[in-house]
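Each residue of the sequence shown is one higher than the one before, counting from 43 in this note's numbering.
Here a beta-carbon is modelled for each residue, glycine too, at the ideal position from N, C-alpha and C.
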Amino acid sequence: MPRPNTEPAVGPDAAIDPVTAVGALKFEVALAELEAIIANMEGGRLPLAESLAAYRRGSELLRHCQQQLAVPAAARRCGTCDPDSGERQSARFRAGQRRSRMNPTGSWADEAARLPFPDWMHGVQSRVGTALARHLPPAEAIPGRLHQAMRYATLNGGKRVRPLLVFAAGELSAAPPPRLEIAACAVELIHSYSLVHDDLPCMDDDVLRRGRPTCHVEYDEATALLVGDSLQSLAFEILARADFADSARQLEMLALLARASGSCGMAGGQAIDLAAVGRTLDQPELELMHALKTGALIRAAVLLGGLCGTALGADERESLDRFAKRAGLLFQVVDDILDCTASTVTLGKTAGKDAAAAKPTYVSLMGLERAREFAADLGRQALAALTIFGERSRRLVELTDFITQRKF
């Protein structure tokens, strides 16, 4: 009696069988199934949920095929396989990798690429907001007050500039959107924690953030302190627990975010800021302070986006880093300009706060017009760094213009 066929069907319309263990598949069968997944995803035939399942299955098949390619060809031959079968399959497999880039939501990414910038921006903001709500502990879970405050501090609007930078930089490396989503959430959680702590009486002592009472005003100082601690921990947890195929790259991302938020980054910049109250800083001192306090996390957002996809070349990484540093400084200069030109209602935070606290700013150092000229020059430098990427940098170019022209 013939044995039933237990190997999965292949071809563009083949169903993905999650039961068959990948490790039990012969190289040719695993490769054929992988190519079927590629065809389905490139053709946009899979809904989002099935695309995610296909991506996970495809990642397993990808690793299995790579392991098989490392085995001597003679050990892979069986039945009617000719002596050059393994080498031909290897070539097909690598071609499949190049075609697919294993994008788990290709249809989403393709559609997003065609959107006008405002629609793309709102789409990313909405996607990240939904993901943050999913990652944050439920408000009713014990300790309820802390979890409610964490959600209050994180889900209360905001421009989501850092997540936007993650997604825009991800287009340079054809990064999968779910991976970008993880990196974007991690960066935004760090940013949210920094705002909660920045508003505390022992820091900037502010009562308004994003048009609502600050966290310590709405709850209390002790809760706000714990909110910041918890958001920081959650950021590293979700980035560490993510299922990235390249563990070395994942560790690099964790180290990058840790350095950007610590004493050599955001926290260090805040320490310099507190020590500078009432003092006059020269331009290099001011740039150092803001390169750490504001620029470090913006730089991390850009570099994390680039790390989420196919490895960039050395020249590309250097150019992206140069862009990130200019963009971070640009954001702060524009922030200083808005602090003295926009209203509290428009900003969603207390306008004129820096001047009232005698804090050094680019406007206090240069004057308003020179600060505007400096911002325009930084924007040009940032855009110049992107020329190496051509059309792939379209979203970063648009974001640079948005940061330069923003009114809030």
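Alpha carbon of residue i to alpha carbon of residue j, nearest angstrom
i    : j    : result
M295 : I340 : 14 Å
R414 : G186 : 45 Å
D161 : A427 : 25 Å
A356 : L242 : 41 Å
P402 : R202 : 26 Å
C123 : E153 : Summary for C123: the model assigns pLDDT 44, below 50, so the residue's position carries little reliability; its value from the coordinates is reported in the next sentence. Cα-Cα distance, rounded: 41 Å.
L174 : V166 : 12 Å
M308 : E102 : 38 Å
L206 : E433 : 17 Å
E75  : A66  : 13 Å
Q190 : G199 : 15 Å
S236 : E77  : 45 Å
G53  : T386 : Residue confidence for G53 is low, a pLDDT of 41 falling below 50, so the modelled location carries little weight; the figure read from the coordinates is stated next. If you take the alpha carbons of G53 and T386, they lie about 60 Å apart.
A228 : D240 : 18 Å
Q447 : L438 : 14 Å
T388 : A366 : 26 Å
R251 : Y194 : 11 Å
R204 : A343 : 6 Å
T352 : L73  : 21 Å
M192 : S303 : 18 Å
M163 : E263 : 34 Å
G111 : G100 : Just to set this straight, residue 111 is Leu in the shown sequence, not Gly. If you take the alpha carbons of L111 and G100, they lie about 16 Å apart.
K68  : P219 : 30 Å
V238 : I79  : 44 Å
G253 : R221 : 31 Å
H332 : Q274 : 20 Å
P255 : A399 : 20 Å
A155 : F278 : 29 Å
C257 : D246 : 13 Å
Proximity of residue i and residue j at Cβ, strictly below 8 Å
i    : j    : result
V269 : V259 : no
H106 : V64  : yes
V32  : A418 : For residue 32 there is no data in the structure shown, the boundaries of the chain being 43 and 450.
G272 : L188 : Correcting the residue identity first, residue 272 is Ser in this sequence and not Gly. Against a cut-off of 8 Å, the Cβ pair of L188 and S272 comes out as a contact.
R301 : E223 : no
A397 : K449 : no
L214 : L362 : yes
Q312 : L407 : no
L281 : G310 : no
L354 : Y404 : no
H177 : L298 : no
L441 : A226 : no
I445 : E358 : no
L410 : I379 : yes
Local Cβ density within 10 Å of residue i, reported as buried at 16 or more and exposed below that
i    : result
C336 : For clarity, residue 336 is Thr in the given sequence; the question names Cys instead. So T336 ends up on the buried side.
L104 : buried
P158 : exposed
A217 : buried
Q109 : exposed
R422 : exposed
R412 : exposed
A287 : exposed
S305 : exposed
R283 : exposed
P180 : exposed
D285 : exposed
D443 : exposed
T172 : exposed
C244 : exposed
L316 : exposed
A338 : buried
G183 : One point to set straight first is that residue 183 is Ala, not Gly, in the sequence displayed. Exposed is the call here.
S289 : exposed
Residues that DSSP places opposite residue i in a beta bridge
i    : result
P255 : L250
Is it a yes or a no for the region 360-379 touching the region 226-237, going by three-plus beta-carbon pairs under 8 Å? With a cut-off of 8 Å, the region 226-237 and the region 360-379 do not count as touching, because too few Cβ pairs lie within range.
Stretch-stretch touch, CB-based, cutoff 8 Å, three pairs: the region 317-324 with the region 286-302: Segments in contact, no.
Cβ contact check for the region 342-349 and the region 391-409: 3 or more pairs under 8 Å: Touching, no.
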